[in-house]
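Going by the UniProt record's numbering, the residue at position 148 of the sequence shown is 148; the numbering climbs one at a time, nothing skipped. Backbone N, C-alpha and C fix where the C-beta goes; we use that ideal spot for every residue, glycine too. Computed from a predicted model, the values in this text were never measured in an experiment. Read the structure below first, then the notes.
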Amino acid sequence: MSALAKVSYFWRSAAGGLRHSPFVHFIAITTIAIALFAAGLARTTGRALDGLLASLGGEVEVTVYLAPELALEQVDSLRTKLEAASGGKAVLVKPDEALKRLARELGDLGDALAQLPENPLPPSLELSVAPERRTPELLEALATQIRVLPGVTGVDYGREAVERLTAIARALRFGGLVAFAVVLFATIIIVSATLQLAIYARREEIEIQKLVGATDRFVKAPFLIEGFLQGLLGAAVALMGLWAFDRAVGPTLTSLFSFLLGPTSSEALVRPVLAMELGVAGGLLGLVGSFIAVGRFSRV
1 MSALAKVSYF WRSAAGGLRH SPFVHFIAIT TIAIALFAAG LARTTGRALD GLLASLGGEV
61 EVTVYLAPEL ALEQVDSLRT KLEAASGGKA VLVKPDEALK RLARELGDLG DALAQLPENP
121 LPPSLELSVA PERRTPELLE ALATQIRVLP GVTGVDYGRE AVERLTAIAR ALRFGGLVAF
181 AVVLFATIII VSATLQLAIY ARREEIEIQK LVGATDRFVK APFLIEGFLQ GLLGAAVALM
241 GLWAFDRAVG PTLTSLFSFL LGPTSSEALV RPVLAMELGV AGGLLGLVGS FIAVGRFSRV
């Protein structure tokens with residue numbers, strides 16, 4: 001039998017297997033679809049949370065307080081050093097500007113600042129930091145480096161807020177990883193079990209194939225293709241579910257959380273990249289489940 005004839009036979013046999021045990025395969029396809037639907041929602045939610053964390057992280061600035069007696073040339077030199085060390089941009093805030101900003105933030109209480117005999121606020125440089133350098137460790141190292149520079153009297157970058165934000169991000173990612181691992185393991189077990197039932201139902205056909213000299217690979221190939229087809233069908237069902245969810249619930253969620261998530265929340269839930277990812281994931285899930293099944297039950 002030629003290679004093309006074998007491939008054609010494998011695909012016809014796999015399609016026939018799907019028709020032979022529709023209920024068994026329906027269970028496997030539904031299981032894969034539910035897992036991929038949850039993964040798609042988690043993927044989109046994670047992207048939205050990353051956008052939220054990035055927007056919050058964008059507010060992180062290093063405030064460098066300067067000695068009042070520094071000349072403008074010294075301030076410019078210091079600003080150049082800070083920008084080189086942080087990869088960001090430093091903006092000079094003069095004492096008068098800082099006092100006006102404080103008065104605006106205090107609201108009605110800001111009028112009391114006008115009664116001060118002199119401005120107690122020092123000049124400062126507000127330093128934006130590149131996103132890849134906003135971890136607590138790198139910010140602390142940057143602050144330590146800045147404190148020893150001549151003319152610097154203090155450094156503040158909101159250490160507690162940065163550490164809390166980073167801890168939240170790590171917890172979310174770890175929780176998502178654990179949940180994905182659990183769902184993945186359960187899905188593979190269920191897909192494997194359903195294919196084992198399908199193989200058992202066709203045990204006589206497998207026995208006849210082996211009696212006439214069929215190799216294990218020849219016997220296993222159609223079942224592996226069945227698993228792959230199950231995965232693709234499960235991915236298609238999951239994508240349809242995500243599309244329906246986006247059309248039915250998406251606008252409501254967008255209006256509720258757009259003030260937090262910003263433009264990210266208005267993106268379409270089903271995108272070409274997500275569709276490709278779910279298709280690949282579905283095919284792999286089906287292949288792994290079928291590989292486990294045929295490994296145990298193909299020798300009849």
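Short Cβ contact (8 Å threshold) for V152 with P123: no
Continuous beta strand (DSSP E) stretch holding T63: start and end: 61 to 66
Same chain, Cβ closer than 7 Å to R147, five either side skipped, listed in chain order: V155
Distance, P120 Cα to A181 Cα: 56 Å
Residue of E105, A33, E140, L41 minimising C-alpha distance to S86: E140
Collapsed DSSP secondary structure at S124 in the structure displayed: strand
L116 - DSSP class collapsed to helix/strand/coil: coil
Beta carbon of G234 nearer than 8 Å to that of L36: yes
Span separating the alpha-carbon of Y157 from that of A90: 13 Å
A90 - DSSP class collapsed to helix/strand/coil: strand
Limits of the beta strand (DSSP E) - the one that D156 falls within: 152 to 156
CB of L285 within 8 Å of CB of G213, strictly: no
Cut-off 7 Å between Cβ atoms - residues of its own chain near V294, not counting five sequence neighbours on either side: I199, K220, F223, L224
E163 versus L138: straight-line alpha-carbon distance, rounded: 11 Å
DSSP three-state assignment for Y9, whether helix, strand or coil: helix
Neighbourhood of I190 by C-beta, 8 Å cutoff - its chain only, sequence neighbours within 5 removed: I27, A28, T31, G289
Same chain, Cβ closer than 6 Å to A33, neighbours up to 5 away in sequence not counted: G234, V237, A238
Between the CA atoms of D216 and F291 - distance to the nearest angstrom: 12 Å
Reference A38; option with closest CA among H25, A103, T187, E204: T187
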